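Numbering-wise, the working numbering puts 35 at position 30 of the sequence shown, and it's gapless, one number per residue.
Beta carbons are placed, not taken as given, at the ideal position from N, Cα and C, and that holds for glycine.
Note that the structure is a prediction, hence the values are computed from the model and not measured.
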Amino acid sequence: MAGRAGSVPAASADEESQMPKMKTKSGAKKRFKITGTGKVKYQQSGKRHGMIKRTTKTIREHRGTAVLFKTDGETIKKYWMANG
């Protein structure tokens, strides 16, 4: 039985533990970045359209990126960023 033609050798324990690969959610890839210290950065919302009705202060405060709170960042890394 062991020498049958076309039989596939048994996989070692190391190979089994690597499958299936953990993949980052594609939506999370586009929305979050992980800093060198492990914090999670995100782009602030509210700047796509309707700027005429927003105050100058609101527009100014929503520029650039911000850092998520620690617990929210941990959740993002645990569930959506496989390699983070």
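Counting the other Cβ atoms within 10 Å of the Cβ of Gly-55 gives fewer than 16, which makes it exposed.
Annotated three-state conformation of Thr-29 is coil, per DSSP. For Thr-76, the secondary structure class from DSSP, reduced to helix, strand or coil, is helix. The beta-carbon separation of Lys-38 and Lys-46, rounded to 5 Å, stays under the 8 Å limit for a contact.
Of the residues assessed, Lys-35 falls on the exposed side of the cut-off, its CB having fewer than 16 other CB atoms within 10 angstroms.
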